[in-house]
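Q: The structure's right below; bear with me while I get my questions together.
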């Protein structure tokens, strides 16, 4: 790589955390210093890296390593802080301290941002520093910046993403091989695609944090993880994938951020009221021809629908050291340019303050799998139960005979509460042996 | 939509041109003023629209329309200029005047940018104004901003895009229906997907301008339209699509921007030399399983490959009034925010100054379609001709008999000049009735 020789005063960089992402960020800072200098206008100089264990050999001069992250952030010669340690504490305080001191921060910390963007953005605003976080959602895929900047003149109506690589690896493998959840999870763990404790991924917490961030940006409204309805994939069975396949679908863990109309009895947008925001993470059936259906393995993709832009899709590697580092370094160059040229990143935009729609109000389609007694009239009785609760049926498919008889019901759009009431009654019916699964169906036009 | 009430001094906007894009930009400026004000921090006020014919009813107050674009740009109360008139003159001078006067400019003008970005960027730099142009490439799809900003800490190696909707509509239709080029072009014209004079689209000029812009951004090197090797689709036949299909491919007009190694005898990157940039637009076979193969109709998509980010794909509507307006308005909000908060857009980055690799040096795979005499030894003679010119064959397929006998040869990577020499000899061979087509093959791993 090449670079110009004349440049401004060096900008000092502190890196907090040296896991896979931090290691790659440090490598690029050192190996590609010339290019970075040319792109920023001034040299980026690594002042230090905060690590937990200073004795481990990381191929770095010892004087660059410290266990005192606070002191590193506070150094006078540190202008920019890269936080890739993860977790809420001490990252929250370190980032706050940096921003309050006027140092710009680049972070990949979705859990922190999902709950504390407001606090951190206020600190950045107060000292005119930048807070960048492209790497917090979907790794190297630019989706934060497009939502904040590119779509700032449009009205976003929906964001649907596959934003967790671990669960997508598991569901893709279950779909391809027909294997059971536990077996595929064990394989994912062995391959390093799942953590020893996979809860944050498989129960949807990671995706929910990302959904909160995406919804905040898309709808100019502060959305936190607590606002996100969340179900994980740990109850998905091989049979779910099989029945999905039978109706031309696969199962994906989706993060869905959607603009929905005002609640019952509330003034609509046209009447001077407000739309609401529905944010939810759950495994759902999607048709195989849907663009997200072919996003397999550890890949991520995000579909954005806006009034004027129409449907956009962003696809790429959503995790891993190098891809995440790419996003971090892009933010770092931009933050450094702002330091050098006197610019500012766009601040938090939460003016719209749209209310959150409860999951019970959110209409979706459902795919209900029932084990039933194999005798005449069962289908009619089941259909009648749906009708009594105002849930309109799109298709019913009867499969198998005798003890293995099953009904697979696909509904039109229904609200969660009506469907829940329907399922409660179905479960009590004598002719219904079991409600095997209830999954949502997304990505159909209906 | 909702908006806050307190805001800064109004920012004046001039819109140059009121075609499909300008009309949509003006509509949003007027209909969504509250949202835009909340996002910018200050009201955006439309000062005027420059049009050619002032007598046409455009649903706007007469005092907003003018035929004097120069005077509109020069108004003291105009802070931001949106150029959506297209063409080189007078757009070039109007944008230059605006930038020289410190007014930020948002433009969708790919032809102008492909040749004059240097001049315009210098004007912007001189007055510390912004020049934004997301809408110039791939309509609503954010690709300019991701290349400039998100990937500014990465090394881009390749950009491959379907960036012209007209030609993609034509090739998609030929692929689906088996129809001839002229028939599909006539249909595209009737449907409004092709202009009365389709030359700029079908001969690849539009895609070449976009390729020049993408290459400039990807490689931090000034690339103009003249640097782009260009072939259009007007010679593509129904038979080309058919033989492509027979080898599991379709045909797409691709804009390819690629980092290639130093020329023969020149120092390599490792020896202190420089990589080169190959920029080319041509119809090429791509495997149906390649992500770009399923981008059909008027849609656009751009694939970016970078060292750390890996392969990213951006997909959406690449043309049309509303999608292009979405990109223009996103830029406008960013330019206006910079005016309000005192920020700056990233300026032109051309420090790398990589040389352009001539097309003759650029290795690609080829798909050569020959009409041959149906007698023993022809295949061997043809294969020998390829071998004599150092072009390695991947597969040969013999089709038909008698007068209709054909050979379809797919090569491994070969440089253009070797292939051209091969084809010249083939054309002179007695047993070769005709070289029916020579198309490149892209998107294979080989």
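Residue numbers (my numbering), protein chains in the order written: chain E, 3 to 448; chain G, 3 to 448. Glycine residues also receive a C-beta, built at the ideal position from the N, C-alpha and C atoms.
1) Taking the beta strand (DSSP E) that residue 442/E belongs to, which residues open and close that run?
2) Less than 7 Å between the C-beta atoms of residue 47/G and residue 83/G, yes or no?
3) What residues in the stretch 132-156 of chain G have a beta carbon less than 7 Å from any beta carbon of chain E?
4) Given a threshold of 16 other Cβ atoms within 10 Å of its Cβ, counted over all protein chains shown, does residue 193/G qualify as buried or as exposed?
5) With contact counted as at least three CB pairs below 8 Å, one residue from each stretch, are the stretch 125-140 of chain G and the stretch 300-309 of chain E in contact?
6) What is the residue span of the beta strand (DSSP E) that residue 260/E lies within?
7) By the DSSP assignment, the beta strand (DSSP E) with residue 50/E in it spans what residues?
8) Closer than 8 Å between beta carbons: that is the criterion. Which residues of the stretch 26-60 of chain E meet it against chain G?
9) In the DSSP assignment, what are the bridge partners of residue 68/E?
10) When you check each C-beta in the stretch 333-348 of chain G against every C-beta of chain B, which residues fall closer than 9 Å?
11) What is the DSSP secondary structure of residue 106/G, counted as helix, strand or coil?
12) Residue 386/E to residue 260/E, Cα distance in whole Å?
13) For residue 64/E, which of 73/E, 86/E, 52/E, 72/E has the nearest alpha-carbon?
14) Please go through the same chain and pick out, in chain order, the residues whose beta-carbon is closer than 6 Å to the beta-carbon of residue 22/E, but skip the five residues on each side of it.
15) List, in order along the chain, the chain E residues whose C-beta lies closer than 7 Å to that of residue 313/G?
16) Does any C-beta atom of chain G lie closer than 7 Å to the C-beta of residue 331/E?
17) Let's test the definition: count the other Cβ atoms within 10 Å of the Cβ of residue 10/G and tell me whether it reaches 16, buried, or not, exposed.
18) Leaving aside the five residues before and after residue 4/G along the sequence, list all residues of the same chain whose C-beta is less than 7 Å from its C-beta, in chain order.
19) Counting only C-beta atoms, is residue 170/G closer than 7 Å to chain E at any point?
20) Going along chain E in order, which residues have a C-beta closer than 8 Å to the C-beta of residue 310/G?
21) By the criterion of Cβ-Cβ separation under 7 Å, what are the contact partners of residue 351/G in chain E?
22) Is it buried or exposed, residue 61/E, if we count other Cβ atoms within 10 angstroms and call 16 or more buried?
23) Whose CA, out of 117/G, 204/G, 249/G, 132/G, lies closest to the CA of residue 370/G?
24) Using 7 Å as the threshold, is the C-beta distance between residue 93/E and residue 75/E below it?
25) Nearest chain E C-beta to residue 124/G closer than 7 Å, yes or no?
26) Specify the secondary structure class of residue 39/E as computed by DSSP and reduced to three states.
27) Let me know the secondary structure DSSP gives residue 245/E once reduced to three states.
28) If we call anything under 7 Å between Cβ atoms a contact, is residue 227/G one with residue 210/G?
29) Indicate the three-state DSSP secondary structure (helix, strand or coil) for residue 160/E in the structure shown.
30) Buried or exposed, going by whether 16 or more other CB atoms sit within 10 Å of the CB of residue 401/G?
31) Using only CA atoms, which one of 427/G, 179/G, 183/G lies nearest to residue 169/G?
32) Taking one C-beta from the stretch 214-224 of chain G and one from the stretch 154-161 of chain G each time, how about it: are there three or more such pairs within less than 8 Å?
33) Please state if the CB of residue 212/E and the CB of residue 139/E are separated by a distance shorter than 7 Å.
34) For a minimum of 4 consecutive residues, which ranges assigned as the alpha helix (DSSP H) are wholly contained in the stretch 397-434 of chain E?
35) Entirely within the stretch 136-218 of chain E and at least 3 residues each: give me those beta strand (DSSP E) ranges in chain order.
36) If you run the structure through DSSP and keep just helix, strand and coil, what is residue 2/E?
A: Result, derived from the coordinates:
1) First-last of the beta strand (DSSP E) with residue 442/E: 434-443.
2) Their beta carbons are not under 7 Å apart, which means residue 47/G does not touch residue 83/G by this criterion.
3) Hits within the stretch, in order: 136, 142, 143, 144, 147, 148, 151, 152, 153, 154, 155, 156.
4) Counting Cβ neighbours within 10 Å, residue 193/G comes out exposed, since fewer than 16 surround it.
5) No contact exists between the stretch 125-140 of chain G and the stretch 300-309 of chain E.
6) Residues 251-262.
7) For residue 50/E, the enclosing beta strand (DSSP E) starts and ends at 46-52.
8) Cβ contacts with chain G: 26, 30, 34, 37, 38, 40, 41.
9) DSSP output for residue 68/E lists 52/E as bridge partner(s).
10) Here the protein chains are E and G, and chain B is not one of them.
11) If DSSP states are grouped into helix, strand and coil, residue 106/G belongs with the strands.
12) Cα to Cα, the separation comes out at about 31 Å.
13) Checked all of 73/E, 86/E, 52/E, 72/E; the closest Cα to residue 64/E is 52/E.
14) Within the same chain, Cβ atoms closer than 6 Å to the Cβ of residue 22/E are found at 323, the five residues on either side in sequence being excluded.
15) Those are 318, listed as they occur along chain E.
16) By the rule that beta-carbons nearer than 7 Å mark a contact, residue 331/E touches chain G.
17) Exposed, since its Cβ has fewer than 16 Cβ neighbours within 10 Å.
18) Note that residue 4/G scores 38 on pLDDT, short of 50, meaning its location in the model is unreliable; the coordinates nonetheless yield the value given after this. Result list for residue 4/G: 36, in chain order.
19) Taking Cβ atoms only, chain E never reaches closer than 7 Å to residue 170/G, which makes this a no.
20) Result: 26, 30, 142, 324, 325, 327, 328, 331.
21) By Cβ distance, chain E contributes 41.
22) The C-beta of residue 61/E has fewer than 16 other C-beta atoms within 10 Å across all chains shown, which makes the residue exposed.
23) Nearest option by C-alpha distance: 249/G.
24) At least 7 Å separates the beta-carbon of residue 93/E from that of residue 75/E.
25) It does not; no Cβ of chain E falls within 7 Å.
26) Correct three-state label for residue 39/E: helix.
27) Here residue 245/E carries a helix assignment [DSSP, helix/strand/coil].
28) In this structure, residue 210/G lies closer than 7 Å to residue 227/G by Cβ.
29) In the structure shown, residue 160/E sits in a strand (DSSP, three-state: E or B).
30) For residue 401/G, the number of other beta carbons within 10 angstroms of its own is below 16, and it is reported as exposed.
31) Checking every option, the nearest Cα to that of residue 169/G belongs to 183/G.
32) Two segments are said to touch when three or more pairs of C-beta atoms, one from each, lie closer than 8 Å; by this definition the stretch 214-224 of chain G touches the stretch 154-161 of chain G.
33) If you check the CB distance, residue 139/E and residue 212/E come in under 7 Å.
34) Look at the stretch 397-434 of chain E and you find these whole runs of alpha helix (DSSP H), each 4 residues long or longer: 418-430.
35) As far as the stretch 136-218 of chain E is concerned, its whole beta strand (DSSP E) runs of at least 3 residues are 158-164.
36) As displayed, chain E neither begins before 3 nor continues past 448, which places residue 2/E out of reach and without an answer.
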